[in-house]
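As numbered in full-length UniProt numbering, residues 1 to 332 make up the sequence shown, in order. A virtual CB, placed ideally from N, CA and C, is assigned to each residue, including glycine. Everything numeric in this text was worked out from a predicted model, so none of it was measured. Reading through the structure tokens given below for one structure.
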Amino acid sequence: MPTSSREGGRRSPAAISVQGLRKSYGEKTVLDGIDLHIPEGTVFALLGPNGAGKTTTVEILATLVRADDGRASVGGHDLAADPAGVRSVIGVTGQFAAVDELLTVQENLILMADLHHLGREEGRRRAAELLDRFELTEAAAQPGTALSGGMRRKADLAMTLMGDPRVIFLDEPTTGLDPRSRRTMWEIIRRLVDDQGVTILLTTQYLDEADELADRIAVLDGGKLVAEGTAEELKRRIPGGHIRVRFAEPEQLAAAVQVFEVAEADQESLTLHVPSDGSLPMLRSVIDLLDAASIEAAELSVHTPDLDDVFLALTGSSRRQADATTQLENVR
Ligand SMILES: Nc1ncnc2c1ncn2[C@@H]1O[C@H](COP(=O)(O)OP(=O)(O)OP(=O)(O)O)[C@@H](O)[C@H]1O
1 MPTSSREGGR RSPAAISVQG LRKSYGEKTV LDGIDLHIPE GTVFALLGPN
51 GAGKTTTVEI LATLVRADDG RASVGGHDLA ADPAGVRSVI GVTGQFAAVD
101 ELLTVQENLI LMADLHHLGR EEGRRRAAEL LDRFELTEAA AQPGTALSGG
151 MRRKADLAMT LMGDPRVIFL DEPTTGLDPR SRRTMWEIIR RLVDDQGVTI
201 LLTTQYLDEA DELADRIAVL DGGKLVAEGT AEELKRRIPG GHIRVRFAEP
251 EQLAAAVQVF EVAEADQESL TLHVPSDGSL PMLRSVIDLL DAASIEAAEL
301 SVHTPDLDDV FLALTGSSRR QADATTQLEN VR
């Protein structure tokens, strides 16, 4: 089924399609019916807390672990009927880098070239190109043991790219990296998608990573997808946002407090925070209510929640969500 790759962009077929994926280990249900549709040439983030089932999802889609139930296709190859076909189009980099400690970075790359039967000349050419692209040329002669965490991740991804994969699974690609190395990784990942049109499924516990990189995000919690959408859609979906109304006079604020019973007033800054889902109708109703009561506002701004609010609201903290939703209903 074709799907738009970006909002307003060209339509492209799914690189990864998953229906009803289930997996249990003994009594424990790890994946409880997962559906995914990831268009070609996009970055999709699977976001979730520890133990949510992110790695298990990747392991199944990468043919490393067998699902108990459900269907999936990767790069047009059915996971159950054609696992070799799936393996021919994917690359996987895990939380534990595959770089051989005793070989140099260049030797690691050549080893991958040999595994992909690229031939001596082509293998060396590709290794040099990847070393250059990942700014690893100077580290080419260093053994794996001498690499920093950031360099190791880059070398690992470079090794994955030796196979020229169309679909790449990145399992927590920046866990443990310092902020500068994380930024470098993000740039590399984004360029892979923009320049080469590969599809990336990344798992992460970092909200800023999903926000920065992903075209779409699915939030996984306890083996279930609890939400899916763009970062903006997810932020809009949950309460936590508000409309901030500032007044010039304390009397105006006092009058507004009578109108918006559930709003929080700050006497010092003469502002009122009205809970809001960030939608236009909500904003209009606030303005209408102020107008109807003949209260003049000096300034009005809309604040939407960040992904942190989304994560907290959707993964385990249902009480908080319920409270905020009730507030919203009251304002309407
Ligand atoms: N081989 C296994 N045998 C038994 N239980 C397993 C196995 N692999 C994973 N699990 C369990 O499945 C659950 C999900 O694990 P998974 O590694 O997929 O989560 P995750 O979302 O990737 O977490 P993390 O962010 O900690 O890597 C966990 O409770 C884990 O203990």
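Asked	Found
Backbone CA spacing between Thr184 and Leu102 [nearest angstrom]	25 Å
Any non-hydrogen atom of ligand 1 within 6 Å of Val30 CB	yes
Per-residue DSSP class, three states only, for Thr56	helix
Secondary structure of Asp323, DSSP reduced to three states	Bear in mind that a pLDDT of 40 at Asp323, under 50, signals an unreliable position, so the number given afterwards is only what the model happens to contain. The answer is helix: DSSP assigns Asp323 an H, G or I state.
For Val86, the residue or residues it bridges with in DSSP	BP columns for Val86 are empty, so no partner.
Three-state secondary structure assigned by DSSP to Gln19	strand
Between the CA atoms of Gly144 and Gly190 - distance to the nearest angstrom	The sequence as given places Arg at residue 190; Gly does not occur at that position. Computed Cα separation, rounded: 25 Å.
Spatial distance of Val58 from Gly33 (CA atoms)	14 Å
Backbone CA spacing between residue 333 and Gln258 [nearest angstrom]	The question about residue 333 has no answer here: the residues shown for the chain are numbered 1 through 332.
Inside the stretch 29–55 only - beta strand (DSSP E) runs reaching at least 3 residues	43–47
For Leu136, three-class secondary structure by DSSP	coil
When Glu228, Phe311 and Gly119 are compared against Asp35, the one with the closest alpha-carbon	Glu228
Contact test: Asn50 Cβ vs ligand 1 heavy atom, cutoff 6 Å	yes
Neighbourhood of Asp171 by C-beta distance below 8 Å, restricted to the same chain and skipping five residues each side	Lys54, Thr55, Val58, Val92, Thr93, Gly94, Gln95, Leu202 and Thr203
Among Asp178, Thr175 and Leu192, the one whose alpha carbon lies nearest that of Arg133	Leu192
Close-in-space but distant-in-sequence residues of the same chain around Pro248 (CB under 6 Å, 5 per side omitted)	Position check: residue 248 holds Ala in this sequence, whereas Pro was assumed. Here the set comprises Ala298.
Contact test: Lys54 Cβ vs ligand 1 heavy atom, cutoff 6 Å	yes
Distance CB(Leu312)-CB(Val219) smaller than 7 Å	no
Thr199 at chain B interface by Cβ criterion, 7 Å	Reference to chain B is not applicable here, since this structure consists of a single protein chain.
Bounding residues of the beta strand (DSSP E) (the contiguous stretch that carries Thr199)	Thr199 to Thr204
Limits of the alpha helix (DSSP H) - the one that residue 337 falls within	In the structure displayed, the chain extends from 1 to 332; residue 337 sits before or after that span and is not available.
Tyr206 beta carbon near ligand 1 (any heavy atom closer than 6 Å)	no
Cβ separation of Met159 and Asn108, assumed to be a contact under 8 Å, to the nearest whole Å	6 Å
Residues near Asn50 in its chain [Cβ-Cβ closer than 8 Å; skip 5 each side]	Gln205
Endpoints, beta strand (DSSP E) assigned at Ile217	Arg216 to Asp221
Member of Ala14, Gly20 and Thr42 whose CA lies at the smallest distance from the CA of Asp195	Thr42
Whole-Å CB distance - Leu79 paired with Ser73, under 8 Å assumed	6 Å
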